[in-house]
Every structure is written in C-alpha cells, then in structure tokens.
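In the UniProt record's numbering, the protein residues as written are 1 to 653. Working notes for the structure below.
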C-alpha cells in the first residue's frame with residue numbers, strides 16, 4: 001500500500017519532465033541540443049546569437065560552408081577515380097615482332113579459272129552491255145561442271161541491274177531485259193553512276209527468299225565499285241564451297257612468294273616463316289611467329305639489322321575483277337595477336353623498296369573503376385573464334401559472326417567458323433546474301449549491340465610504323481639484278497623477271513627505345529581521406545568524431561524520434577480505442593502505465609525533492625504559500641515539566 005503512491009508520483013514526474021539530448025521527443029529539441037553541444041562552431045552560434053540579423057548571418061555562413069564542403073568532397077571523389085599517365089623510356093634489347101606478309105591477289109588466277117569461269121563470263125557480259133567493253137570471245141575451260149551449273153541459277157537470281165532515275169523498272173545487264181521491282185526498296189547509297197547518262201544508276205537487288213516483297217537495292221558511287229562488290233558477292237559464294245586443302249593449293253606457296261630473306265645481317269629462308277590461310281588473302285606467311293617456342297630479338301637498330309625480303313608478286317596471274325592494285329600487304333603484330341590484314345594491313349608497292357621503321361610501345365590501362373577495359377576478355381559474353389589473345393577487333397568480328405549464324409543459319413566466309421556451323425553458300429542457304437547485307441547494315445549502325453558489348457584490352461603492344469619508298473631496282477642495276485633473281489627463281493637466264501613482279505621490303509627498329517605508357521591512380525585512399533579532413537577542418541572546424549556525431553544525430557536519432565512519435569500515436573490510438581469500448585471498467589494499473597509515456601525515465605526510484613519541485617502546478621489549484629509558524633512549539637513548559645533547582649535559587653533572589 002505504501003509503494004503505490006510513490007509509483008504514481010514517479011509516473012507523473014516521468015510524464016512531465018522535459019527531455020533533452022539524443023532522446024528528445026521532437027526534432028526541434030534535438031536540433032537545439034545538438035547546436036549547443038556540437039564541436040562545429042557555426043551551429044552553436046546560430047542558437048546563442050542575439051538578434052535576428054546576426055542569427056540570419058550565421059545561418060547563411062553555415063549553409064554556405066556546408067555547400068562548399070559538399071562541392072569540394074564531390075570533386076575529390078571524382079578525382080579519386082581518375083588516373084595519371086606516366087611514360088617510361090628505356091634502352092634495351094627488344095624482341096622482334098611477328099611480320100605477316102600476304103599477296104594482294106589471294107589465289108593464282110590461272111588455277112582459279114575453272115571455278116570462276118561462269119562468274120567471269122557474266123562480269124564481261126555486264127561490262128559489254130553497260131560500257132560497251134568487249135574482249136572478243138574468250139575460251140573458257142569448263143572442267144569443273146559442278147561450279148558452272150550451280151552458278152548459272154545464282155547469277156539469274158542476283159544480276160547486275162541498271163536503274164533509271166530510281167524508278168520501279170530496271171534493266172538486267174545480263175540479258176538486256178527490263179525487270180519490274182516489287183516491294184519495298186532500300187537504298188544503300190544515293191549516289192549515281194556517271195556512265196554518260198546522269199539518270200542511270202547501277203547496282204544489284206537482294207530480296208528475302210521467304211518474302212519476295214522485302215528487297216534492298218544497293219547502288220554505288222562508281223561502276224567500278226558496283227561491279228567489284230557484285231563480283232565479290234558471288235566470289236565468296238563460290239569460295240565457301242571449296243575445301244580448305246584445295247584453296248591452300250590454289251594460293252601461293254612460300255617458294256612462290258619469297259625470293260630472298262635476311263634478318264639481323266644473317267640469311268634466312270622459308271623455314272623461318274609460318275603459313276596460315278586467310279579467307280580473303282589466301283596463303284599468308286608470318287616471320288617470327290613464335291610457334292616453335294623461339295622469338296627472335298635484335299640488339300641493334302637500323303635497316304641493316306632488321307628483316308629484308310624480296311617478294312615475287314606475279315602480276316600476270318592476278319584476278320582482273322577481284323583486285324585492282326598490285327603488291328603485297330603486311331602487318332606487324334605481337335606473336336599472340338591475330339593479324340587482321342583486311343583492317344590494318346599496310347600495302348607494299350611493286351618495283352620499289354619499302355622501308356618500314358618501327359617504334360615499340362607497351363601500354364597498360366587501369367581497369368574498373370578507372371576505365372571500362374578488360375584484362376583477358378573473360379568477362380566479355382562473346383566467344384573468341386580466333387584462338388588468339390583478346391583484342392577489340394577479335395571481339396567485334398566474333399560478335400558479328402555469332403549474330404550471322406543466329407540470324408542467317410550460316411557463317412560469313414571472311415571470318416572463322418563457330419563450332420557446328422558452316423560457311424554460307426547459295427545452294428544450302430539461298431537467303432544468306434540478303435540476310436548478310438541487312439545484318440551488316442545494322443552492324444555498321446551499331447544496332448547489333450556488338451560495339452556496346454566489346455571493350456578495349458587493358459594491356460596491348462603497339463608498333464608505330466614510319467614508311468618510306470624508293471625506286472627499286474635502279475636503272476643502272478636493273479638488268480643484272482633481274483637476271484640474277486630470275487636465275488634464283490629457277491627460270492632460264494634469257495628470260496628475266498619484270499620489275500613490276502617484284503617488291504623489296506625492309507622492316508627494322510629505328511631505335512631500341514622501348515616506351516612504356518601506364519596509368520596510375522591519381523589519388524590513393526589515404527590522400528582522399530586527408531583531403532576530406534582538410535575540407536571539413538577548413539570550412540566547419542570539424543573532425544572525424546564530428547562527422548560521426550552528425551551521422552548519429554541527423555540520421556539515427558532523428559529517425560528514432562520520428563519512429564517513436566509514430567509509435568506513440570499508434571499506441572495512443574489503440575489505447576483510446578480499447579478504453580472507449582462499452583462495458584469496460586477502469587483498471588487499477590491505467591495510471592501506472594500512463595507514467596511510462598516518457599521513455600527516458602525508465603527508473604523506478606522515488607522522486608527526490610529537486611525533481612518534485614519541477615512538477616508543474618495544477619491549473620485550478622491556488623499557488624502554494626508558506627504556512628504560518630506554530631508558536632506553541634516555543635513554549636518551554638511544553639518541553640520541560642519541572643524547573644531545575646539552580647533556577648529556583650536565582651528566581652528567589
């Protein structure tokens with residue numbers, strides 16, 4: 001019974017005492033407490049300053065300092081993910097790169113005539129019809145009937161056409177008859193061919209085999225381009241049906257291509273070259289390929305210590321419709337890289353000495369988060385079809401070939417075969433040409449997604465080439481040099497070679513300075529944190545402890561206050577609902593539970609005198625006054641019932 005009044009008083013005190021600090025009941029009380037107790041001086045000055053103007057100025061200065069801190073910290077974060085480039089140059093013995101050499105003409109025309117006889121005849125007929133070009137009746141061998149019979153139907157399906165002012169009617173240059181064009185027409189090039197009549201346009205039409213109304217007309221800026229493109233289209237269709245072993249025999253051998261060879265002042269021969277077959281360039285030969293585990297190096301710069309070869313081009317055996325230039329193509333690359341002759345090859349001129357000086361550079365970029373490059377290509381969702389180290393070209397070509405197989409059902413002839421696929425040809429895939437051209441158009445417009453998927457390699461090697469050309473052989477040495485080279489090639493001494501059949505090539509290091517370009521992080525984590533601390537100290541006189549305090553007050557405590565207020569409202573609503581139920585009698589513990597509304601007062605101790613004095617007074621009660629003294633307590637007789645003997649003696653006297 002005695003404890004019940006004490007609990008009631010304690011509950012009342014807990015309910016009415018003001019609470020400050022992190023457990024304040026409102027956000028305004030929390031912010032006021034923070035400004036009075038924080039180490040950031042600007043916030044304190046906002047609270048303690050007198051006068052509205054002074055308080056406004058401190059608010060403005062504090063907010064400006066916070067804005068500057070946020071801006072500077074954002075700049076620091078951006079700079080943290082930047083990289084600085086360093087260049088290191090060192091002189092040392094350098095490994096010699098791989099040098100791949102191809103004849104511009106992929107196959108000997110004399111060996112290919114059996115397969116290309118029908119195509120050549122159709123091309124000459126189109127030239128005669130459109131340009132009046134005639135060579136007379138040529139004798140065409142037909143020993144390979146299979147290729148001729150399958151080509152006739154194919155040429156009828158995709159002939160060269162002459163369009164008159166983009167009308168719906170075109171003239172078949174093969175038969176001279178006019179054809180009506182049905183369905184949608186897509187123009188690859190709006191340029192017309194100037195053949196005497198400005199309204200004449202030459203090109204060819206490709207239609208979807210499954211939907212004849214879906215057609216595309218491809219026109220070109222000149223008749224040469226149109227005829228070459230049309231010829232290559234049929235040429236790839238024919239070559240896709242020839243076995244690889246046969247094509248290697250139809251192309252140039254090492255003995256055919258290489259006449260003389262020197263490296264680093266020593267003689268070399270075809271044993272130092274490795275053959276590989278390129279679909280568009282035939283047999284190519286790579287010097288210093290590293291396949292035998294040995295990579296040659298050089299310790300001296302200059303043309304005398306590089307690779308020197310004399311190439312036999314054989315212009316008389318060139319395909320007149322497939323290639324229009326004479327010479328060879330070379331590419332300098334690393335032993336682990338695939339030589340993309342068609343993309344970055346350098347052409348070598350005949351009857352000339354071509355000197356190619358090299359500067360070697362190794363580069364390395366930082367991967368994520370500094371740049372969007374890949375280390376090995378393992379994170380790229382594209383299968384590497386070339387069995388060489390990753391590069392951007394390999395990824396793009398592999399991605400297009402995969403899309404070709406998925407969309408057209410066969411592989412494009414100029415690129416390696418994926419597993420389980422075969423090259424497109426008109427016999428098995430009559431729709432492949434239309435599919436290929438439409439797919440290639442999407443690839444060029446970056447609509448296939450290959451350019452978005454493929455990334456640059458983080459590490460790569462580069463040889464910067466400087467090319468110079470001189471007339472070769474000279475007039476005074478031409479006669480004897482050509483006779484000696486003819487003898488070396490096994491011909492009769494009285495039948496010398498033509499200088500337009502030869503090309504002299506020199507590849508060498510101009511110097512042995514190796515440049516190494518690398519990216520390094522511009523800022524480390526230690527520097528970033530130091531810069532953060534400098535900005536906080538400069539603008540807000542704040543430290544790491546201050547930052548932790550800000551996080552605690554503005555995020556944790558503020559969130560807890562909001563959540564607590566919502567919980568109290570929900571609890572009050574629920575209690576009021578239970579209390580308002582009809583037929584419910586008041587409970588003895590209601591008053592005790594009300595005493596716990598203030599969550600900070602969780603102790604059950606009895607109130608002290610000081611806490612009791614802080615209780616608010618009731619509104620309807622009079623102010624307390626000091627009670628009058630009880631003077632009866634001053635009476636001595638109430639305290640002493642008998643007088644002492646010594647006092648009696650004093651009183652008698």
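Yeah, the Cβ is synthetic: ideal placement off N, Cα and C, and Gly gets one too.
Enclosing alpha helix (DSSP H) for residue 444 [first to last residue]: 432 to 444
Could you check whether residue 326 and residue 344 sit closer than 9 Å to each other, using their CB atoms as the reference points? no
Taking the C-alpha atoms as reference points, what is the distance between residue 334 and residue 77? 38 Å
Looking at the ligand NAD, does it come within less than 8 Å of residue 433, judged from the CB to the closest heavy atom? Of the ligands one can find in the structure shown there are none, so the ligand NAD has no counterpart to examine.
Just to confirm before moving on: does the CB-CB distance between residue 217 and residue 163 stay below 9 Å? yes
Rounded to whole angstroms, what's the CA-CA distance from residue 392 to residue 456? Just pull it up for me. 5 Å
Using only the alpha-carbon positions, how far apart do residue 349 and residue 503 sit? 6 Å
On a CA-only basis, which of 437, 47, 422 is nearest residue 241? Give me that one, please. 422
Applying the 10 Å Cβ sphere with the 16-neighbour rule, what's the burial state of residue 446? exposed
Supposed contact pair residue 109 and residue 318 - C-beta distance, whole angstroms, cut 8 Å: 6 Å
First through last residue of the beta strand (DSSP E) which encompasses residue 281: Residue 281 -> no beta strand (DSSP E), and no H or E assigned at all.
Could you give the distance in angstroms between the alpha-carbon of residue 434 and the alpha-carbon of residue 342? 23 Å
Presumed contact (8 Å Cβ cut-off) between residue 26 and residue 561, rounded CB distance: 7 Å
Under a Cβ-count criterion, where at least 16 other Cβ atoms within 10 Å of its own Cβ denotes burial, should residue 99 be classed as buried or exposed? buried
Do residue 228 and residue 215 have their beta-carbon atoms positioned less than 9 Å apart in this structure? no
Is the region 410 to 420 touching the region 378 to 397, taking contact as three or more C-beta pairs under 8 Å? yes
Enumerated in chain order, which unbroken segments of the beta strand (DSSP E) with a length of 3 residues or greater are wholly contained in the region 219 to 264? 258 to 263
Would you report the Cα separation of residue 116 and residue 360, rounded to the nearest angstrom? 43 Å
How would you label residue 406, buried or exposed, when you count the other beta carbons within 10 angstroms and need 16 or more for buried? exposed
Can you tell which of 508, 516, 558, 563 has its C-alpha closest to the C-alpha of residue 96? 508
Could you tell me which residues DSSP pairs with residue 463 in its beta bridges? 360
Beta bridge counterpart(s) of residue 329 as assigned by DSSP: 102, 347
Should residue 283 go down as buried or exposed, given a rule of 16 or more other Cβ atoms within 10 Å for buried? buried
Bounding residues of the alpha helix (DSSP H) (the contiguous stretch that carries residue 335): Element bounds for residue 335: n/a, residue is neither H nor E.
Could you compute how far the alpha carbon of residue 362 sits from the alpha carbon of residue 106? 33 Å
Would you please state the rounded distance, in angstroms, between the beta carbons of residue 233 and residue 310? I believe it to be under 8 Å. Actually they do not touch by this definition, with Cβ atoms about 35 Å apart.
To which residues of the same chain is residue 505 closer than 6 Å at the C-beta, ignoring the five residues directly before and after it? 309, 348, 354
Going by CA-CA distance only, name the one from 328, 516, 118, 576 that's closest to residue 256. 328
Do you know offhand how far residue 323's Cα is from residue 104's? 7 Å
At which residues does the beta strand (DSSP E) containing residue 517 begin and terminate? 513 to 521
Please work out which residues of its chain come closer than 7 Å, Cβ to Cβ, to residue 123, disregarding the five sequence neighbours upstream and downstream, and give them in chain order. 227, 231, 321
Where does residue 92 land, buried or exposed, given buried means 16+ other C-beta within 10 angstroms? exposed
With a Cβ-Cβ cutoff of 9 Å, do residue 277 and residue 248 count as a contact? yes
Where does residue 391 sit, in a helix, a strand or coil, going by DSSP? coil
Closest to residue 295 by CA distance: which of 170, 94, 357 is it? 94
Reducing DSSP to helix, strand and coil, say where residue 290 ends up. coil
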